[in-house]
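Protein sequence lines, in the order shown, are assigned to chains A and B.
When we follow this note's numbering, the leftmost residue of the first sequence carries the number 1033, and every step to the right adds one.
When we follow this note's numbering, the leftmost residue of the second sequence carries the number 1033, and every step to the right adds one.
Step one of this worksheet: look at the structure below.
Number of protein chains: 2
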Amino acid sequence: MHAAVVAGGEVAWEVRPDPVPGTHEILVRVEAAGLNAADLLQRAGRYPPPPGAPADIPGLECAGTVVETGPRVERFAVGDRVMGLLGGGGQAELAVLHERVALAVPDGVATDAAGAFCEVFATAYDALFSQGHLASGDRLLVNGGAGGVGIAAVQLARATGARVVASVRDANRRAAVAELGAVAVAPDATRDHAPYDVVLELVGGPNIATDLADLATGGRVLVIGTGAGRAAELDLGTLMARRATIRGSTLRARSLEEKATLSRNLERHVLPLLASGQLVVPIERRFACADVASAYERFAAGAKLGKIVLVAATHSTGTATT
Amino acid sequence: MHAAVVAGGEVAWEVRPDPVPGTHEILVRVEAAGLNAADLLQRAGRYPPPPGAPADIPGLECAGTVVETGPRVERFAVGDRVMGLLGGGGQAELAVLHERVALAVPDGVATDAAGAFCEVFATAYDALFSQGHLASGDRLLVNGGAGGVGIAAVQLARATGARVVASVRDANRRAAVAELGAVAVAPDATRDHAPYDVVLELVGGPNIATDLADLATGGRVLVIGTGAGRAAELDLGTLMARRATIRGSTLRARSLEEKATLSRNLERHVLPLLASGQLVVPIERRFACADVASAYERFAAGAKLGKIVLVAATHSTGTATT
């Protein structure tokens, strides 16, 4: 097969051996695979893949068709349309998924949207609900509302009855984020809507002091991204007075059982919203797999609304919608 | 009645009007009342009491005998021995408690121990279990193991099957903390026993970076005290990689329903251990109520193992044990 291969800070579409599904795994012919920030880190040699994932093939999510099943697979059969979370290896013609982390693509959902769905919606769901216990009526701030996870979070929070404020640096993109259900404001205007019960922090260190100061009693700050820096100043007096929680997480290094549990939550709580059209997967741009280097450059350039997706040749033009 | 009254940075035993119990409240003749760090802050004018608490009478815990009950009190009768959490006003001859936050003093527990029990054990219980989800087999670090909350935490954690390391600055007090069930070490030696599932941070800002670095995946840092400073440096990359939680809290400003829920947890999970002698309430020194100013000075001097307790005249000598 061909696959995106990272080496020496570069990524290229090269030939690699076909992966072989294990006992409980499925082999998927990949039709779409989203890019995520972790891929750029891996290209730079700064995000080693977890054990079991291919050493040099990035890709944390993909969608496609099952072409082979391991001997004890129960959930899927050859020909099924699936999508899922991977520890790596999704940006390839063939990928192996454990059947417990694969999800059936709902009817009517385009393949490129499916291939760009899992990582950001799983990350947002896990942070907001499993960790942040966001509930109807809560006030949520999404710091970094126009990125992939931000867009997913805005929609999931709105669908659950929360009131959502999103900071969006690029004024030109605020209208699009507002259309998804948030009050979209400049980063320095989030205080006007405080206090917040939950803050989803996708920007990083410089925001933490304000996040904490603007928190309601018992509020939670979930730290998922640190693009603007890792270093934060923390006033413990404010932390105590707010009875606040600051929590960080990543998805990639989690165990199979944790990812499987998260996949069940997505199936139960999120897929119905995707199937009914309440959730959309905005796509900034599609790239043919062979053009993976350009896709990474576009991702790195930032200022995008939604996902960058690699699509297999038969899906690279026109057939998919968001 | 007489009461400890704070004004202008001083505390004195002065005459104040008797408090009157409301519909669901009990009036308690106080026989013992523990001192806590919040009292020193209140003496300094830096910890205003929550709404409903006396403006100038400190005291977050006490024990004594019910002398009057409000018209709809159901849990207690005149003559009962009780102890409980207060928003303030415990350091007085008479104190009013809502019946839902009052606890029956188990038979065999000395009154001075009962009067110094609630605040520290409630704080430790709430932090370790309600917030930190400490469980059997977990590894706990108590930073500041020789203070009131530290001693309570060490004992509660041991009783639930956790493995406990306690940092104790004063080498002379390590043996006593070790006897309660912890590996007692100097503050700079806690790393030798890492990683920790839970860190109870009673010292403050300077410890946070190490707390986080020494945490196990999914670990929790509970910040309850900041005697060594409020300012902390937080590396969000470590927070995310550890999938860590940093949580702060205080007890005093909580709502009645929160304090009542905590009191039910104490009744159910902690009082049986106190009644059976598995938990002890070490008392560093008792002071007669009229000598309240000296009691505060002793508390402020630090380097103590266990509690400083005000005792009513009939209880000031000999009759109580720890």
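Virtual Cβ for every residue (Gly too), placed ideally from N, Cα, C.
Within chain B, partners of residue i - CB distance below 8 Å
i: glutamate 1289 of chain A; result: Near glutamate 1289 of chain A there are no residues of chain B at all, since even the closest Cβ is about 13 Å away, more than 8 Å.
Under 8 Å by beta carbon: chain A residues contacting residue i
i: isoleucine 1278 of chain B; result: Leu1266, Leu1271, Thr1277, Ile1278, Arg1279
Best match in the options for proximity to residue i [C-alpha to C-alpha]
i: cysteine 1321 of chain A; options: A:Ser1287, A:Ala1159, A:Arg1205, A:Gly1066; result: A:Gly1066
i: isoleucine 1240 of chain A; options: A:Thr1249, A:Asp1224, A:His1225, A:Ala1260; result: A:Ala1260
i: leucine 1135 of chain B; options: B:Leu1298, B:Gln1163, B:Asp1243, B:Asp1267; result: B:Leu1298
i: leucine 1271 of chain B; options: A:Gly1269, A:Glu1233, A:His1301; result: A:Glu1233
i: leucine 1288 of chain A; options: A:Asp1246, A:Asn1204, A:Gly1119, A:Ala1159; result: A:Gly1119
i: tyrosine 1228 of chain A; options: A:Gly1257, A:Cys1094, A:Val1196, A:Pro1219; result: A:Val1196
i: glycine 1091 of chain B; options: B:Val1099, B:Asn1204, B:Arg1113, B:Leu1129; result: B:Leu1129
i: glycine 1111 of chain B; options: B:Ile1058, B:Ala1273, B:Pro1086, B:Arg1104; result: B:Ile1058
i: serine 1308 of chain B; options: B:Arg1330, B:Thr1097, B:Ala1332, B:Ala1191; result: B:Ala1191
i: alanine 999 of chain A; options: B:Asp1267, B:Gly1269, B:Arg1286, B:Leu1268; result: Because residue 999 of chain A is not part of the residues shown, which for chain A are 1033 to 1354, the question remains open.
i: alanine 1087 of chain A; options: A:Val1062, A:Pro1051, A:Glu1100, A:Phe1108; result: A:Pro1051
i: glycine 1257 of chain B; options: A:Asp1267, A:Gly1257, A:Thr1258; result: A:Asp1267
i: arginine 1372 of chain A; options: A:Ala1333, A:Val1098, A:Ala1167, A:Leu1166; result: Nothing about residue 1372 of chain A can be read from this structure; chain A reaches only from 1033 to 1354.
Assigned exposure category for residue i - 16 Cβ within 10 Å defines buried
i: valine 1038 of chain B; result: buried
i: arginine 1078 of chain B; result: exposed
i: asparagine 1068 of chain B; result: buried
i: aspartate 1243 of chain A; result: buried
i: proline 1083 of chain A; result: exposed
i: glycine 1193 of chain A; result: exposed
i: threonine 1055 of chain A; result: exposed
i: alanine 1148 of chain A; result: buried
i: arginine 1171 of chain B; result: buried
i: alanine 1095 of chain A; result: buried
i: arginine 1113 of chain A; result: buried
i: alanine 1070 of chain B; result: buried
i: proline 1081 of chain B; result: buried
i: alanine 1333 of chain B; result: exposed
CB contact check: residue i to chain B, cutoff 7 Å
i: threonine 1258 of chain A; result: yes
i: valine 1255 of chain A; result: yes
i: threonine 1282 of chain A; result: yes
Other residues of its chain near residue i: CB distance less than 7 Å, five sequence neighbours each side excluded
i: glycine 1035 of chain A; result: Contrary to the premise, residue 1035 of chain A reads as alanine rather than glycine in this sequence. The answer, listed in chain order, is Glu1046, Arg1048, Ile1089, Gln1123, Ala1124, Glu1125.
i: alanine 1076 of chain B; result: Gly1041
i: leucine 1303 of chain A; result: Leu1135, Pro1138
i: alanine 1156 of chain A; result: Val1181, Ala1184, Ala1185, Leu1188
i: glycine 1250 of chain B; result: Arg1275
i: glycine 1350 of chain A; result: Note that glycine 1350 of chain A scores a pLDDT of 40, beneath 50, so its modelled location is shaky; the value from the coordinates is reported in the next line. So no residue of the chain qualifies.
i: alanine 1335 of chain B; result: Asp1202
Amino acids of chain A, ordered along the chain, whose beta-carbon sits closer than 7 Å to that of residue i
i: arginine 1262 of chain B; result: Asp1267, Leu1268, Gly1269
Interface flag, residue i vs chain A, CB-CB below 7 Å
i: glycine 1236 of chain B; result: yes
i: arginine 1048 of chain B; result: no
Other residues of its chain near residue i: CB distance less than 8 Å, five sequence neighbours each side excluded
i: serine 1326 of chain B; result: Phe1319
i: valine 1209 of chain A; result: Gly1177, Ala1178, Gly1182, Ile1183, Val1186, Ala1198, Val1200, Ala1216, Leu1337
i: serine 1295 of chain A; result: Gly1116, Leu1117, Arg1132, Val1133, Ala1134, Leu1135, Ala1154
i: alanine 1044 of chain B; result: Ala1036, Val1037, Val1324, Ala1325
i: histidine 1225 of chain B; result: Arg1171, Leu1173, Val1197, Val1215, Val1217
i: threonine 1354 of chain B; result: In this prediction, threonine 1354 of chain B has a pLDDT of 40, which is less than 50 and means its spatial position is unreliable; what the coordinates show is noted afterwards. Hits under 8 Å: Ala1142, Asp1144, Ala1145, Val1312, Val1313, Pro1314, Ile1315, Gly1338.
i: alanine 1085 of chain A; result: Leu1118, Gly1119, Gly1120, Gly1121
i: glutamate 1106 of chain B; result: Glu1131
Closer than 9 Å at the beta carbon, the chain B residues around residue i
i: isoleucine 1240 of chain A; result: Leu1266, Leu1268
Proximal residues to residue i (C-beta, below 6 Å), its chain only, five neighbours per side dropped
i: alanine 1345 of chain B; result: none
i: arginine 1223 of chain B; result: Asp1246
i: glycine 1280 of chain B; result: Val1255
i: serine 1348 of chain A; result: In this predicted model, serine 1348 of chain A has a pLDDT of only 44, less than 50, meaning its place in the structure is not dependable enough to derive any value.
i: valine 1152 of chain A; result: Gly1180, Val1181, Ala1184
i: lysine 1291 of chain A; result: Leu1117, Val1133
i: alanine 1264 of chain B; result: Gly1237, Ile1240
i: valine 1231 of chain A; result: Leu1173, Asp1243, Val1253
i: glycine 1102 of chain B; result: Pro1053, Gly1054, Thr1055, His1056, Glu1057
Please list, in chain order, the residues of the region 1071–1104 of chain B that have any C-beta partner in chain D closer than 8 Å. This model lacks chain D altogether, as its protein chains are A and B.
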